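Using this note's numbering, the first residue of the sequence shown is number 922, and each one after it goes up by one.
Don't be surprised by glycine CBs; every beta carbon is placed ideally from N, CA and C.
Note that this is a predicted model, so its numbers are computed, not measured.
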Amino acid sequence: MTTEVKVPQLPESVSEATLVNWHKKPGDAVKRDENLVDLETDKVVLEVPAPADGVLKEIKAEDGATVGGGDLIAILEEGEAAAGGEEKEEKSEAPKKEEPGKAGQEEPKKERGKSAGKLSPSVRRLVEEHEIDPEDIEGSGRDGRLTKSDVIQYIEQGDRKAPAAGEASEEGEGAAPQARKPAARGGAREDRRVPMTRLRARIAERMVESQSNAALLTSFNEIDMTEVMALRSKYKQKFEERHGVRLGFQSFFVKAVIEALKQFPVINASVEGNDIIYHDYWDIGIAVSTDRGLMVPILRDADQMSFAEIEQGVVDYATRARSGKLGIEELTGGTFTITNGGVFGSLMSTPIINPPQSGILGMHKIQERPMVVNDQIVARPMMYIAITYDHRIVDGREAVLFLVAVKDALEDPARLMLEI
922 MTTEVKVPQL
932 PESVSEATLV
942 NWHKKPGDAV
952 KRDENLVDLE
962 TDKVVLEVPA
972 PADGVLKEIK
982 AEDGATVGGG
992 DLIAILEEGE
1002 AAAGGEEKEE
1012 KSEAPKKEEP
1022 GKAGQEEPKK
1032 ERGKSAGKLS
1042 PSVRRLVEEH
1052 EIDPEDIEGS
1062 GRDGRLTKSD
1072 VIQYIEQGDR
1082 KAPAAGEASE
1092 EGEGAAPQAR
1102 KPAARGGARE
1112 DRRVPMTRLR
1122 ARIAERMVES
1132 QSNAALLTSF
1142 NEIDMTEVMA
1152 LRSKYKQKFE
1162 ERHGVRLGFQ
1172 SFFVKAVIEA
1182 LKQFPVINAS
1192 VEGNDIIYHD
1202 YWDIGIAVST
1212 DRGLMVPILR
1222 DADQMSFAEI
1232 EQGVVDYATR
1242 ARSGKLGIEE
1252 LTGGTFTITN
1262 GGVFGSLMST
1272 PIINPPQSGI
1282 LGMHKIQERP
1292 MVVNDQIVAR
1302 PMMYIAITYD
1312 HRIVDGREAV
1322 LFLVAVKDAL
1332 EDPARLMLEI
């Protein structure tokens, strides 16, 4: 008996998806609920599980195809016998192998070749950019698939080997050009055209929408992080032992931002036509960088969360965002966003708001700078912070005082604990 494999019902507000890559090919045995293919929407990656045990008979939509909810994408021939038959066929081929030692040497290459045909878009871009043969890399992902970290590690290993060639070249001039491959510019120059993923296209659309439909302005301030860092240093071990998660900076900033938003509620509001919609709740978006692009999962009712709950939520969201396991409901809504460019070394930036929100706070790198304290010049761990806001409803006074409130709370973090 054959069964149709169809695209599942897509989340609300999502009409189409892109078929990223099949995990099986026609003729492969599959088990019920095993992931057959990944579908990428403009927000999340969805998995399509096998509806029954059997053999994948036919694929109706190839990698890169655009599909909608309910579209037919494959035909499955049900039955354990079919799956078992294939396993028997594989077993029957085992005696045909010659010289076990030789076969053992060829096996890794076979696995690498198998995984090379199932590259995610980010991995495919990376191997093409560095002109790497995927079959030369052993995959550590599920079913032997290559991951981005596998490719990066392979590239780094190649870079580490380069000095050895350089050392050899010191003994003879002939080896020098080989060690300086980038210097050779004689070949033809090529451009590579790669279509945007759905997520990247959606990000681009949202950023243009934000710039076009809002009056954006950015204000800056700086925070002396001495007290927060001292508090973390004093309690981080006990905090982790008690709660099972590291005490980071994010929970302090979420708490400080919520207190500032309570003082200036218009920054937690949004514009709808000629109306201002005030939100009497605080759903804070935390920007997370992934291989697929920037994602912003939401901490719902963050004002009711403890420091530990915030840290646990941030870690959970970051982990699932990078593995494509976030649900659409976890990425929608939000009344204000926090983004941290400091983890990448950014000293200062002007973040863009996430419509229809009216504000976003940018955190940056902590760097020791000379500051005047009690008429003395001392080194202090300082962080620039920025708020980009919609000037249609938020005045400069409110934005500046909002940053001052965040600064005051973080420079005296005991106030956050006591809620004063």
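- In this structure Q1171 is buried. Its beta-carbon is surrounded by 16 or more other beta-carbon atoms within 10 angstroms.
- When C-beta atoms of the stretch 927–943 are compared with those of the stretch 972–985, three or more pairs fall below 8 Å, so the two segments count as touching.
- In the DSSP assignment, N1195 falls outside any alpha helix (DSSP H) and carries neither an H nor an E.
- Counting along the chain, E1126 sits inside the alpha helix (DSSP H) bounded by residues R1119 to N1134.
- N1275 is the residue among A1330, L977, P972 and N1275 whose C-alpha sits nearest the C-alpha of A1136.
- The alpha-carbon separation between T1309 and I1124 amounts to approximately 18 Å.
- Assigned with DSSP and collapsed to three states, F1170 falls in coil, not helix or strand.
- Closest in C-alpha terms to V1178, from the list V935, I1231 and V1192, comes I1231.
- Per DSSP, K1286 is not a residue of any beta strand (DSSP E), being assigned neither H nor E.
- In the structure shown, S1154 falls within a helical segment according to DSSP collapsed to helix, strand and coil.
- Annotation: G1206 is outside any alpha helix (DSSP H); the continuous beta strand (DSSP E) that includes it extends over I1205 to I1207.
- Spatial neighbours of R1127 in its own chain (CB-CB distance under 8 Å, excluding positions within 5 residues in sequence) are listed in chain order as N1275 and P1276.
- Each residue's CA atom was taken as its position, placing G948 and L977 some 5 Å apart.
- A direct Cα-to-Cα measurement between V1321 and L1120 gives close to 33 Å.
- Around the C-beta of Y1202, fewer than 16 other C-beta atoms lie within 10 Å, and the residue is accordingly described as exposed.
- The Cβ atoms of T924 and E999 sit closer than 8 Å to each other.
- For A1242, the enclosing alpha helix (DSSP H) covers residues F1228 to R1243.
- With respect to L1252, V1217 sits close: the two C-beta atoms are nearer than 8 Å.
- By the criterion of a C-beta distance shorter than 6 Å, T1260 is surrounded in its chain by A1208, P1272 and G1283, once the five residues flanking it on both sides are discounted.
- By DSSP's assignment, N1261 forms a beta bridge with M1284.
- In the DSSP assignment, F1323 falls within the alpha helix (DSSP H) that extends over G1317 to E1332.
- Taking the CA atoms as reference points, K1157 sits about 17 Å from G1234.
- According to the DSSP secondary-structure assignment, V951 is paired through a beta bridge with G975.
- For the pair of segments examined, the stretch 1189–1202 was found to touch the stretch 1298–1316: the number of CB pairs separated by less than 8 Å reaches three.
- L957 sits close to V926, with the two beta carbons spaced by under 8 Å.
- Between the C-alpha atoms of L1247 and T962 there is a straight-line separation of about 12 Å.
- Ranking V1115, I1281, N1295 and E1052 by CA distance to the CA of I1306 puts I1281 first.
- By the CB criterion at 8 Å, A1229 and I1205 fall outside the cutoff.
- Comparing alpha carbon positions, the residue from D1296, S1279, P1302 and N1295 closest to K1286 is P1302.
- Per DSSP, R1066 has no beta bridge partner at all.
- Taking 8 Å as the cut-off, the Cβ atoms of G991 and S936 do not count as close.
- Rounded to the nearest whole angstrom, the CA to CA distance from T1118 to T1258 is 23 Å.
- Considering only M1269, I996 and V1175, the residue with the shortest C-alpha distance to M922 is I996.
- Looking at the backbone, the Cα of L1220 and that of A1109 are separated by about 50 Å.
- Between the beta-carbon of A1326 and that of Q1225 there is about 20 Å, and that puts the pair past the 8 Å contact cut.
- Closest in C-alpha terms to S1267, from the list M1304, I1298 and R1290, comes M1304.
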